[in-house]
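Everything in the sequence shown is counted per the working numbering, starting at 616 for the first residue and increasing by one.
What follows is a set of notes on a single structure, which appears directly below.
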Amino acid sequence: MSRARQPPLVTGISPKEGAAWTKVTIRGENLGTGPADLIGLSICGHNCLLTAEWMSASKIVCRVGPAKDDKGEIIVTTKSGGLGTSTVSFKLIRPERIGILDQSAVWVDELTFRTDRNKGISPLSLRPSNPLGIDIDKGKITPKDLELTFPGMSADFTSENFSATWYLIENHAGSSFDQLKIAASNLKKQATKKNEGSLAYVKGGLSTFFEAQDALSGNCSVCQPMIFLFFDISMTPPKMSQVQFKKCF
């Protein structure tokens, strides 16, 4: 019993060469009556049926697989026409493998290495360098003495163990009581602003309470009275209430 249709005939492929998984368009005659009629498609001996998309009886789109042969025919098989033939071929281009001892046109010192390419910007880093808004007056206390006085604490805003007293001693040891009152007023103004961009350090996870500690304890040698400042920030930012000051000698 003879078949109702002629066998498939591939007369063109575009592109004619490429690496594995290159998308190609196959053209020809009698390439099937529909997607269900297409039962086989091979390029260079590799089965490409899984990636085949039947477009018409003269056009099929698919991707070339990692064939063993570098060059071969395009064979289409259909239920209605059987095993087909091809008048064209496809050339598979294999990527060149470069070993560790092979010569390269790029010198190592010409490369630009970046270790922070995917490093995000934390909201904590957007805080102002001088959040109190008054002149910074560094004291004569060494960082080593401060570390001994506040073990496990830090004057860094980004630290979970941030110490407000350490920060005051380190940056405002010579500030007067009136200056600290101005600083508290500056913080209050920032907290009441609708634009919370200036309060990124509050929303970034800064502790709600700034507790004053005894700055004269430990091994610190302070030659003048130290002003202790306590900022009581409510649990619902940006409101700030009950700013208290204590003066100790």
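For each residue, glycine too, the CB sits at the ideal point set by N, CA and C.
Per DSSP, what are the beta-bridge partners of residue i in this structure?
| i | result |
| --- | --- |
| W669 | I675 |
| V639 | C677 |
| E775 | Its beta-bridge partners do not exist; DSSP assigns none. |
| V703 | Looking at the DSSP assignment, V703 forms no beta bridge with any residue, so it has no partner. |
| I628 | I641 |
| K686 | K706 |
| N662 | S657 |
| G697 | T693 |
| G633 | L707 |
| S769 | F777 |
Less than 8 Å between the beta carbons of residue i and residue j, yes or no?
| i | j | result |
| --- | --- | --- |
| V703 | G627 | yes |
| L707 | C659 | yes |
| I756 | A788 | yes |
| G866 | S695 | No answer is possible for residue 866: the residues shown for the chain start at 616 and end at 864. |
| A902 | I675 | As shown, the chain starts at 616 and ends at 864. That puts residue 902 outside it, with no answer to give. |
| I749 | S790 | yes |
| V625 | G697 | no |
For my contact list, residue i and residue j are in at a C-beta cut-off of 8 Å; report their separation, rounded to the angstrom.
| i | j | result |
| --- | --- | --- |
| G590 | P623 | Here the chain has residues from 616 to 864 only, and residue 590 is not among them. |
| V679 | T637 | 5 Å |
| S701 | E688 | 4 Å |
| F792 | W781 | Actually they do not touch by this definition, with Cβ atoms about 19 Å apart. |
By how many angstroms is the C-alpha of residue j removed from the C-alpha of residue i?
| i | j | result |
| --- | --- | --- |
| T640 | Q621 | 21 Å |
| M850 | L802 | With a pLDDT of 44 at M850, under the threshold of 50, the modelled position of that residue is not reliable, and no figure is offered here. |
| E785 | A770 | 8 Å |
| E711 | E762 | 58 Å |
| R709 | A635 | 7 Å |
| C663 | S671 | 17 Å |
| K796 | I751 | 14 Å |
| D760 | G767 | 13 Å |
| F705 | K631 | 5 Å |
| D652 | K686 | 27 Å |
| N776 | L783 | 15 Å |
| T693 | D684 | 23 Å |
| H661 | W669 | 18 Å |
| S657 | S629 | 15 Å |
| Q794 | L747 | 10 Å |
| N645 | L665 | 20 Å |
| K804 | P758 | 31 Å |
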